[in-house]
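Protein sequence lines, in the order shown, are assigned to chains Y and X.
Per my numbering, the very first residue in the first sequence carries number 22; after that it's consecutive.
Per my numbering, the very first residue in the second sequence carries number 79; after that it's consecutive.
Here the structure is laid out as structure tokens; the discussion comes afterwards.
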Amino acid sequence: MEIITSVTSRSRRSRFAGQAWFVLYLALAALDLGAVSYTLYQHYHVTLLLETRANLDEAFDKQDRVIHQLGALATEIDAVANGVEESRDAPTSRTKLNAMKGEVPKVLASLRLSVETTPRRSKRMVETVDSIENEMAYITSAGDAKLEAIERGDLAGAVKENARLDTGQFNVERMLNDLATLVDGIQDQLFAEEHAEVRLIHRAQILIASLILLVIAGMAFYGRALAQQVLSARERERYVDELRASNAAFEQLFRKNELILNTAADGIFGLDLDCKLTFLNPAAAAMIGFSFEELGGRSIHDAVHHTHADGTPYPADLCPGHRALQEGEAVNVLDDTYWRKDGTSFSVEYSITPMLSDEGDILGAVVTFRDTTERRALQRLKDEFVSTVSHELRTPLTSIRGALGLLAAGLQAKSPEKAQRMLDIAVSNTDRLVRLINDILDIERIDSARVTLTKTRCEPALLLRDSVDLMRPMADKARIRIDLAPIEASPVWVDADRITQTITNLLSNAIKFSPAESIISVSARHGREGIVFRVSDQGRGIPSDKLDSIFERFQQVDASDSRDRGGSGLGLTICRSIVRQHGGELRVESIVGEGSTFSFSLPSASVQQDSATPAAGARVIVCDDDPSVRETLEAMLQQHGYNVLTVDGGQELLRQVRSFRPDVILLDLFMPVMGGWHAMAALRNDQETAAIPVVILSGLSKDEAPAPFDLAGWLSKPLDEGTLIDTLEHALGLGGRNARIMMAEDDFDLARVIIASFESHGIEACHVATGREAIAAMREQAPDVLILDLGLPEIDGFGVVEWMRTQEQLSHVPLMVYSAGDPTASDRERLKLGPTQFLVKSRVAPDDFERRVVKLLDVLTLPKKEVSHAA
Amino acid sequence: MPHERILVIDDEEDIREVTSLTLEEAGFEVLTASSGREGIERAIAEQPDAILLDVMMPEMDGPATLLKLQQTETTRAIPVLFLTAKIQPADKRTLSSLGAVAILSKPFDPDRLGGDINHALGWTTRHPEGVFPS
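This is the structure in structure tokens:
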């Protein structure tokens, strides 16, 4: 969460930086717009100016033309006057002059107009025009006067007038030149101004170009910033995605660790550097009786490790935890004491592993501990047993060794009678030693269930008669009568040899502890728990405080006399083990001075046959190279109503399997020629036999020989009948395959976690991510349990259930629906299929989830009738 | 010189017999008792020079018998040796704290039992060459 917050603030910062860029760009653009407008305005201004100039030029041209016209007119007038002298054609000249006189005012008017409209005209120009007018009038009058003089023939007058004419003409010329110069001056000035204006425009244009460049540069920068922003946004998205993925992975890891911590049988807790608790798993909390909250902030040493087992204080600085935290070294302690909240203590072994940072700094430690009370008790029991067995073996050996030692030293020569006595002692103690060793081995084998009981249908009357017959000589010798009551009990389902051993042992005890001329009575009757066998004597009885201990190993009421009677101290222990293996219990009732009665019950054969009915008629092939195993299994299975075929090896199995068509195969692994795995590979390769469930039968355990195939079960030799039948029924019930769970869940991580936990329990689970996939997968194969997320993509949970309702074979599949929220009552109704459970995601821990699924699966192992009933 | 008298207390008849014969052959005078109680009575009555005491006995076992002997004025001074088949290290540790002079193991070598007793008690060995001097 924290990480995501920091990302958001980072994005805020970068957005802010983007805004600054944008403002800068806007400012540049505004500046640019201003510059362009100004330039446009300047252009407009220049255009106007140029237009004015064009007009001016025209005006100036006109003036020039008028000035030339005037000049020409003045010259013409002069020329006309002169021409008269030369041609003497006065009338023509007069006509010309008159025409010119008519022309002059027009030209002058035109000149005046143009001068008066000239911009920046000076006063001098107007004065000059006035002067020109005067001069032109003078020229005209001089021309007139000359012509008149000529017409009058006044040559002198003509010459005089001609001089005036010349002067006038000269003056006009001068004045016209002046005017032209003035006009030129104005023109130059205007041109210079215009030039300046154009230069200004050029400058403005350069400025604008620079600004445009600047804007382009700004745009480039802004664009780059924008691009960076987009890139960084993308990067951020990717970063957030990665973060989410890593958060999910972290979450998954966390869940896994939590699961491990929560399900660990060992106590696990964490320490910081001050030896204070950082976490505590449920097993640890249960063992020490403190919750995490109760210990928070307290030194764990002060809470649970404050005192030695002998009650002396345990200073914290001598605590191994202290050492581990100081030196960073792992510490293992095999024998120590922890104290519970209620003040009681228990013995523990623990290991302390320091947590180190990458730099090697000590961050804290993890402590794993185990309550060793039970193990210690077991160890003590074992030690006591070894000590007792050692003692029991050494006792007869002492007599033997001593007697033989004396004989070897020459006792025979010295005292033949004593030597004979020593020989007797050696022999009888050797016998005792042999019996003892046999019994010890026997009880070991029975207790560790390494003796396979071969149960058959036996008549209680026969069992009792055989036993009594065996013990009769001993009883006769002790002058004791054994009274066998008439037996009406129905057959029992037992190992006849072992039951005979038990009865004879009880009879032998009774004979040993009964006085001569007394009676031992033996019977078998129907009782509440089956057939009850009884052996009663009239011996001295057993004190009530010894009644419990007589069944323990080497516990005799009175060691001295029992040994005189040749017991090993193990007889009753063996009897009890045998009876327990048959599902019964050996009991004793006794009154001191009156006698004892030992009794035990055995299941009647009819009860066994009742429980055998579910498998009635099922066909089994037993494949084992050991004939005794084949015989035993055949007898057992036939007793349970199976149709049995035995074969002695893999090849024979493959020869028979097609014709016998078994429902299940019991297969030994290690056989000569073709072993179990080979045979199984061949079965699986043949389509006709591939689906037959196979139960492995081996001296090895399942873990010792990992199976390359799916198995319907594994039976370790020696076989226990109950397990054999259970395994076979299970194999037949499930069609020889593991339970199949389908998980429809679009959250792959969650699916992976849950499927992994199923797999750890040997439950096969397949995963589909959408409703459509779920339906497609179920078309292929019906699951045994469907775990359904309601919020599936494509087709949601409701849709999947509705479709399943329409499918005959899927309409009763056990269903576990889970969703983010509580489904409403009507939702629940819509979702109900077979046995249906509803779970809310957030409220279910993974282990709880798994437990519920396993519970649902338990429904599957019931016979099919009951499943449909439950549905 | 009178023979040292040793009281053998053991619930096993065969062992009593073999031990007695062994000790007699080694030159001791032997008394026997088949239980702790009988042993204490005989010890009080007969005042043996040493007691050879079995550990595993019904009712009153070796350590209980030793305690009783130690608590009884007239038997307190009599040295006691355990003769036992309980020879696991843990058993030996327990026994050694009880105040017996020595712990001798079963089975024993008849040739050496007398010598071991003499050695433990600091008595002069009368038959250094063995039980049956030729």
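Note that CB positions come from ideal geometry on N, CA and C, so glycine has one too.
Leaving aside the five residues before and after residue i along the sequence, list all residues of the same chain whose C-beta is less than 7 Å from its C-beta, in chain order.
i	result
A50/Y	V236
T857/Y	L836, V838
A285/Y	N302, A304
E709/Y	R679
D468/Y	S598
V57/Y	I229
Kindly indicate which residue of the options has the alpha-carbon position closest to the one of residue i.
i	options	result
V101/Y	L811/Y, T116/Y, I88/Y, G92/Y	T116/Y
I563/Y	A386/Y, G423/Y, I541/Y, A531/Y	A531/Y
G364/Y	M157/Y, D404/Y, D323/Y	D323/Y
L484/Y	A80/Y, L402/Y, Q522/Y, S162/Y	Q522/Y
V87/Y	E194/Y, G55/Y, D165/Y, T744/Y	E194/Y
Y371/Y	R391/Y, A386/Y, G381/Y	R391/Y
S320/Y	G734/Y, A304/Y, D338/Y	D338/Y
M8/Y	G792/Y, P814/Y, D848/Y, G812/Y	Absent from the structure is residue 8/Y, since the part of chain Y shown begins at 22 and ends at 892.
E673/Y	N664/Y, A351/Y, D646/Y, L197/Y	D646/Y
To the nearest angstrom, how far is the alpha carbon of residue i from that of residue j?
i	j	result
S581/Y	I599/Y	Note that S581/Y scores 47 on pLDDT, short of 50, meaning its location in the model is unreliable and no value can be drawn from it.
G192/X	T100/X	8 Å
L292/Y	Q347/Y	12 Å
Q40/Y	A238/Y	17 Å
E124/X	V158/X	15 Å
T634/Y	H661/Y	Residue confidence is low: T634/Y scores 41 on pLDDT, short of 50, so the model does not pin down where it sits. Its coordinate-derived value is still stated next. Between T634/Y and H661/Y, the C-alpha separation is close to 7 Å.
V96/X	K184/X	12 Å
L749/Y	L666/Y	15 Å
A111/X	I84/X	11 Å
K853/Y	V822/Y	8 Å
L688/Y	Q802/Y	28 Å
F730/Y	L736/Y	15 Å
S557/Y	N450/Y	30 Å
R682/Y	P512/Y	33 Å
I122/X	T416/Y	28 Å
G592/Y	T525/Y	10 Å
G288/Y	V388/Y	8 Å
S411/Y	V613/Y	32 Å
D805/Y	Q830/Y	11 Å
Quick one: using the 10 Å Cβ neighbour count with 16 as the cut-off for buried, is residue i buried or exposed?
i	result
I540/Y	exposed
K164/X	buried
F290/Y	buried
E156/Y	buried
R438/Y	It should be pointed out that residue 438/Y corresponds to Glu in this sequence rather than to Arg. Flag for E438/Y reads exposed.
T93/X	In the sequence on display, residue 93/X carries Ile and not Thr. It counts as buried.
G206/Y	exposed
N302/Y	buried
P714/Y	buried
P693/Y	exposed
A765/Y	buried
V125/Y	buried
S620/Y	buried
D707/Y	exposed
A155/X	exposed
L813/Y	buried
F870/Y	buried
Looking only at its chain, what residues have a beta carbon closer than 6 Å to the beta carbon of residue i, apart from the 5 residues adjacent to it on each side?
i	result
K362/Y	G310, F311
L384/Y	M376, S378
D768/Y	none
Near residue i, what residues of its chain come up, given a Cβ to Cβ distance below 8 Å and the 5 sequence neighbours on each side ignored?
i	result
A386/Y	G291, L292, G342, A345, L346, I373, T374, P375, M376
F406/Y	R574
For a contact meaning CB atoms closer than 9 Å, what does residue i contact in chain C?
i	result
H412/Y	Absent from the structure: chain C. Protein chains present are Y and X.
Whole alpha helix (DSSP H) elements within the segment 149-187 of chain X, 4-residue minimum: 167-174
Runs of beta strand (DSSP E) lying entirely within the segment 646-729 of chain Y, each at least 3 residues, in chain order: 664-668, 685-689, 715-719
Contained alpha helix (DSSP H) runs [length at least 4] in the segment 762-829 of chain Y, N- to C-terminal order: 769-780, 792-801, 818-826
Secondary structure, alpha helix (DSSP H): runs of 4+ residues fully inside the segment 402-458 of chain Y: 432-435
Continuous alpha helix (DSSP H) assignments of at least 4 residues falling wholly in the segment 113-182 of chain Y: 144-173
Beta strand (DSSP E) runs wholly inside the segment 505-584 of chain Y, at least 3 long, in chain order: 513-515, 540-548, 551-557
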